[in-house]
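For reference, each letter of the sequence shown is one residue, going 1 to 282 in UniProt numbering. Note that CB positions come from ideal geometry on N, CA and C, so glycine has one too. A short write-up of the structure that comes next.
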Amino acid sequence: MNDLPPLRDMIAEHGLRADKGFGQHFLLDLNLTAKIASLCGDVSDAALIEVGPGPGGLTRPLLALGPQKMVVIEMDARFIPVLEQTGEAYETPFEIVEGDALKADEAALIGDGPAVIASNLPYNVGTPLLIKWLKANPLYWRRMVLMFQKEVADRVVAPVGSKAYGRLAILTAAVASARLALKAPARAFTPPPKVDSAVVVLDPLPEDKRFADLEALEIVTESAFGQRRKTLRKSLGIAAGKAGTSSESLLETAGIDPGARAETIDPNGFFRLAEAWRAAKG
1 MNDLPPLRDM
11 IAEHGLRADK
21 GFGQHFLLDL
31 NLTAKIASLC
41 GDVSDAALIE
51 VGPGPGGLTR
61 PLLALGPQKM
71 VVIEMDARFI
81 PVLEQTGEAY
91 ETPFEIVEGD
101 ALKADEAALI
111 GDGPAVIASN
121 LPYNVGTPLL
131 IKWLKANPLY
141 WRRMVLMFQK
151 EVADRVVAPV
161 GSKAYGRLAI
171 LTAAVASARL
181 ALKAPARAFT
191 PPPKVDSAVV
201 VLDPLPEDKR
211 FADLEALEIV
221 TESAFGQRRK
231 TLRKSLGIAA
241 GKAGTSSESL
251 LETAGIDPGA
261 RAETIDPNGF
271 FRLAEAWRAA
281 KG
C-alpha cells in the first residue's frame, strides 16, 4: 500500500470522474473505508469479492486484510488501469473481471473455499444484486458487507410492523441475519449523493434454519406488498391466481388471518404462505 500514490492523485492522473449513469459515487474517506473493511473479519482463509470498485477506495483496505484471493467486478472500463495498478501493490492474488455483476458467476470466479462479499454498491443495482446473492445455491458466501442507500439498508433490516418492513426484509430473513453496522453521510462521497448511505452486515443462517424456496417467497411477498394498504385477502389475488387457487385458501393453509395486512405478518408467516403457494401450484 505504501507504494501507491494517494487515491485522489491516482484519480486525477487517470482523469476519472463519477458517472451518474452507473450510479457512481467515489468513496474516498480513508477512515470510513477502513471501518467497512474491518467488518469483514478474518479473511485469511477466504476469497474477497468486490463489486463496483471504481477507482479502488475500498479495494485498498480490503486487499490489506490479506485474503487468499480477491476478485473485483467492474463494468466501467475506465477504472481498469487504476485497479491494475492497485492490485500490483499487494501480494494477494488479484483478478479484475470487466462486466456486469448481475451476470457474473461469482462462485466459479472464486473456486473452492468460502467468500466474503464487500462492496459500496452502485445505487442502481444494489437491490437486485442482494437478491441474486441471497438466492445463490449453494450459498458460497459466509459474510456480506454491503453499502446501500440508507433507505434501502433500512428495508433490508426492517422489523415486522415497521414502515420499512417488506419484501426485502423477508427475503433477507429467509437466508441470513442482517444488522445495520454503520452510517455514511453523503459528504463522505465524491460527488456527494442526495441521500445518506449505510452499511449492512449479513451472515448466513445455519443451513437447517434457512427457507429454501425463495422463488415462491418472492411471488407471495411481491403480491402482498404490492398493495400493502389492502388486506391480504385482497392483495394476494395475483399470487393466488398464479397457483390456481384463492387468497382465502392460501391464507387458511398458512394459518394467517385474511383480514390482516402484509406489514403485520412476520417472516415465518410468509414462509408458511410460500409453502402453501408451492403446494397449491403443484
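_Judging by CA-CA distance, which residue of T86, A89, I80 and G113 is the nearest neighbour of G99?_
Numbered from 1 along the sequence shown, position 99 holds the residue referred to as residue 99. The residue with the shortest Cα to Cα distance from G99 is I80.
*Alpha carbon of L168 to alpha carbon of V156, nearest angstrom*: Translated into positions along the sequence shown, residue 168 becomes position 168. Translated into positions along the sequence shown, residue 156 becomes position 156. Distance between the alpha carbons of L168 and V156 is about 5 angstroms.
_N120: first and last residue of the uninterrupted alpha helix (DSSP H) it sits in_ = Locating residue 120 in the sequence shown gives position 120, where the first residue counts as 1. Per DSSP, N120 belongs to no alpha helix (DSSP H); it is in the beta strand (DSSP E), A115 to N120.
*Span of the beta strand (DSSP E) around L4*: Here residue 4 refers to the residue found at position 4 of the sequence shown. Unbroken run through L4: none, as it is neither H nor E.
*Sub-7 angstroms separation of T190 and L28 beta-carbons*: Numbered from 1 along the sequence shown, position 190 holds the residue referred to as residue 190. Numbered from 1 along the sequence shown, position 28 holds the residue referred to as residue 28. Yes, these two residues count as a Cβ contact at 7 angstroms.
_Residues of its chain near R233, where Cβ-Cβ distance is below 8 angstroms and the 5 sequence neighbours each way are ignored_ = Position 233 of the sequence shown holds residue 233. Within the same chain, R233 has close Cβ partners S247, E248, L251, P258 and G259.
*Under a Cβ-count criterion, where at least 16 other Cβ atoms within 10 Å of its own Cβ denotes burial, should F271 be classed as buried or exposed?*
As a first step, residue 271 is located in the sequence shown; it is residue number 271 there, counting from the start. Its Cβ being crowded by 16 or more others within 10 Å, F271 is buried.
*What's the C-alpha gap between N120 and R229?*
Locating residue 120 in the sequence shown gives position 120, counting from the first residue. Locating residue 229 in the sequence shown gives position 229, counting from the first residue. Their Cα atoms are separated by approximately 33 angstroms.
*Pull up the distance between the alpha-carbon of L134 and that of G15, whole angstroms please.*
For the purposes of this step, residue 134 is identified with residue 134 of the sequence shown, where counting begins at 1. For the purposes of this step, residue 15 is identified with residue 15 of the sequence shown, where counting begins at 1. C-alpha separation (whole angstroms): 36 angstroms.
_Output needed for E95: all residues of its chain with C-beta closer than 6 angstroms, excluding positions within five of it in sequence on either side, in chain order._
One-based indexing of the sequence shown puts residue 95 at position 95. The residues are V71.
*What do you get for D208, buried or exposed, if any count of 16 or more other CB atoms within 10 angstroms of its CB means buried?*
Mapped onto the sequence shown, residue 208 falls at position 208. Classification of D208: exposed, given that the 10 Å Cβ count is below 16.
*Where Y165 and E91 are concerned, what is the direct C-alpha to C-alpha distance, given to the nearest angstrom?*
By one-based count along the sequence shown, residue 165 stands at place 165. By one-based count along the sequence shown, residue 91 stands at place 91. Whole-angstrom Cα-Cα distance: 43 angstroms.
*Residues near I117 in its chain [Cβ-Cβ closer than 6 angstroms; skip 5 each side]*: Translated into the one-based positions of the sequence shown, residue 117 becomes position 117. Same-chain partners within the cutoff: I49, W141 and M144.
*Roughly how many angstroms separate the alpha carbons of M1 and A274, rounded to a whole number?*
Taking the sequence shown and counting its residues from 1, the one referred to as residue 1 is at position 1. Taking the sequence shown and counting its residues from 1, the one referred to as residue 274 is at position 274. For M1, the pLDDT reaches just 48, beneath the cut-off of 50, and the residue's location in the model is therefore unreliable, leaving the point undetermined.
_Reduced DSSP category for S177 - H, G, I as helix; E, B as strand; rest coil_ = The count along the sequence shown starts at 1 and reaches residue 177 at position 177. Residue state, collapsed to three classes: strand.
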